[in-house]
Ligand SMILES: Cc1cc2nc3c(=O)[nH]c(=O)nc-3n(C[C@H](O)[C@H](O)[C@H](O)COP(=O)(O)OP(=O)(O)OC[C@H]3O[C@@H](n4cnc5c(N)ncnc54)[C@H](O)[C@@H]3O)c2cc1C
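In our numbering, the protein residues as written are 69 to 527.
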């Protein structure tokens, strides 16, 4: 609970409409996509960067915790005020696209801009911003930078970090820093923007983002291949990509996921298949598309693909992607609760990881449907619990084994969703004490009073 002097000061600073302390208003800011609930002591909506500076300077002086928040779509609790304090919400006022510079192919935005809105605006000018998290309709660009979000187009176009050219941010003491430049080349000074990307609101509050844009490819086309086994499917992916094709997306569903979608939606999916691959290619001339699809079909068929089809129009395109888009909700047929994580391994280690998941599934007697991004090695593993009250501990042990397997294969705890609260306790699996010590010293250099999103990321 905030002292009366603090509420008075903060309320006068931003105005009553931009500062909530009544529990009814706070409820909406007590959650993110983890569905954990932590009621903050207050929510404050800065109107501009100067407000952010003053709020942070005041809270730093009085040691009040600040939790930055975009849309609250995070999957790991990064925007939750687990230790009380103020939620600093960037979505209400800092939501403007400041500049789209068509000559330099860059844009400057405020952190509260919604990803999809930004994509739409640049596409109106024939330009393209590729990072496309599945939460693109709701998540903010500030949240995307803070989590280094990625999406299905990562196989070809990379993830948020590949598009961030510069940031403005406010340090916990209220100072503004600029990191990076509009220039393509910039080798002066430390790469501070690189440290702020994926820092999950623990180091500074991002107030402006300069993003790289591309020209929008004119054509795209999708295809689907059906395989008897996930190993065959993965071999087909490697061969296709080594042949010079760089698909925009190369997604897979395992057998459990295929069955779940089919059971829910009756779309005529191959229930006995070990895996399906859904892929998309793009380009500027039809010959580019044809060449890529021909290569993919050749390598798919040479590696056990029993059925291959190419979408011929927008409706078929939609139909091909239906299974992937609806996998996440469909697997609820296997249990009331799912523990879902997004471990990532080097692409070539995916079959080994999926074999381990199969073994863990049998050991713990829990269904674990998997789907995700074969193009970049990022798998969504979903441990399904029919009776969460009795199975939760078992499920968590199974997840820990999956994390260990991914790390042993040279992978990482998270390819998309970050660490936040949910995965904080697993950080020592992935990092040595020396590496964790370095993270803590970096945190302390930015935030000596530990007011900014404390204890997240295992710090
Ligand atoms: C249905 C669904 C699908 C999803 N799909 C994907 C996916 O495909 N790929 C993917 O990567 N993620 C995905 N996510 C996770 C989530 O959407 C992303 O992590 C997203 O980037 C979070 O953005 P947000 O605006 O909601 O941030 P929030 O959840 O509000 O915050 C996330 C973190 O960023 C910090 N933060 C936010 N704004 C700032 C700022 N301006 N300055 C400093 N720190 C800040 C917060 O403190 C917090 O730690 C999905 C989530 C859902 C619910």
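Think of the CB as a built atom: it goes at the ideal place given N, C-alpha and C, for glycine as much as any other residue.
Exercise for the section: Take residue 187 and list the residues in its own chain whose beta-carbon comes closer than 6 Å to its own, dropping the five residues that flank it on each side. Expected result: 197
Handout entry: Buried versus exposed call for residue 367 [16 or more other C-beta atoms within 10 Å across all chains shown]
Key = buried
Exercise for the section: Would you kindly work out how many angstroms separate the C-alpha atoms of residue 472 and residue 261, rounded to a whole number? Expected result: 30 Å
Exercise for the section: Name the residue from 330, 520 and 487 whose alpha carbon lies nearest to the alpha carbon of residue 215. Expected result: 487
Problem - Per-residue burial, residue 218 [other beta carbons within 10 Å of its own, 16 or more giving buried] - result: buried
Problem - Beta-carbon proximity list for residue 131, same chain, < 8 Å, skipping 5 on both sides - result: 517 and 519
Exercise for the section: Consider the C-beta atom of residue 100 and the heavy atoms of ligand 1; say whether any pair is separated by less than 7 Å. Expected result: yes
Practice task
For residue 135, verify whether its CB is less than 7 Å away from any heavy atom of ligand 1.
Solution key: yes
Handout entry: Within the segment 137-177, ranges of the alpha helix (DSSP H) (whole runs, at least 4 residues)
Key = none
Exercise for the section: Report yes or no: do three or more beta-carbon pairs, one from the segment 92-103 and one from the segment 137-146, lie closer than 8 Å? Expected result: yes
Exercise for the section: Would you mind giving the Cβ-Cβ distance between residue 250 and residue 174, rounded to the nearest angstrom? I have them listed as a contact below 8 Å. Expected result: 6 Å
Problem - Residues that DSSP places opposite residue 492 in a beta bridge - result: Paired residues: none, contrary to the question.
Exercise for the section: Tell me, please, which residues DSSP counts as bridged to residue 280. Expected result: 174
Practice task
Taking only the alpha-carbon atoms, compute the straight-line gap between residue 495 and residue 383 and give it to the nearest angstrom.
Solution key: 44 Å
Problem - Selected residue, minimal CA-CA separation from residue 263, among 509, 203 and 522 - result: 509
Practice task
For the beta strand (DSSP E) containing residue 438, list its first residue and its last residue.
Solution key: 438-441
Handout entry: Burial state of residue 354 (16 or more Cβ within 10 Å)
Key = exposed
Practice task
Measure the C-alpha to C-alpha separation of residue 60 and residue 78 and round it to an integer number of angstroms.
Solution key: For residue 60 there is no data in the structure shown, the boundaries of the chain being 69 and 527.
Practice task
Check whether the Cβ of residue 367 lies closer than 7 Å to any heavy atom of ligand 1, and answer yes or no.
Solution key: no
Exercise for the section: Starting from residue 93, follow the alpha helix (DSSP H) in both directions and report where the run begins and ends. Expected result: 91-94
Exercise for the section: Reducing DSSP to helix, strand and coil, say where residue 390 ends up. Expected result: helix
Practice task
Indicate the three-state DSSP secondary structure (helix, strand or coil) for residue 131 in the structure shown.
Solution key: coil
Handout entry: the segment 409-417 contacting the segment 458-473, beta-carbon criterion three pairs below 8 Å
Key = yes
Exercise for the section: Compare the C-alpha of residue 298 against each of 393, 341 and 279 and name the closest. Expected result: 341
Problem - Classification of residue 128 by the beta-carbon crowding that lies within 10 angstroms, buried from 16 upward - result: buried
Exercise for the section: Report the rounded CA-to-CA distance for residue 243 versus residue 524, giving the unit in angstroms. Expected result: 22 Å
Practice task
Report yes or no: do three or more beta-carbon pairs, one from the segment 106-122 and one from the segment 445-462, lie closer than 8 Å?
Solution key: no
Problem - the segment 421-437 touching the segment 373-381, judged by at least three CB pairs closer than 8 Å - result: no
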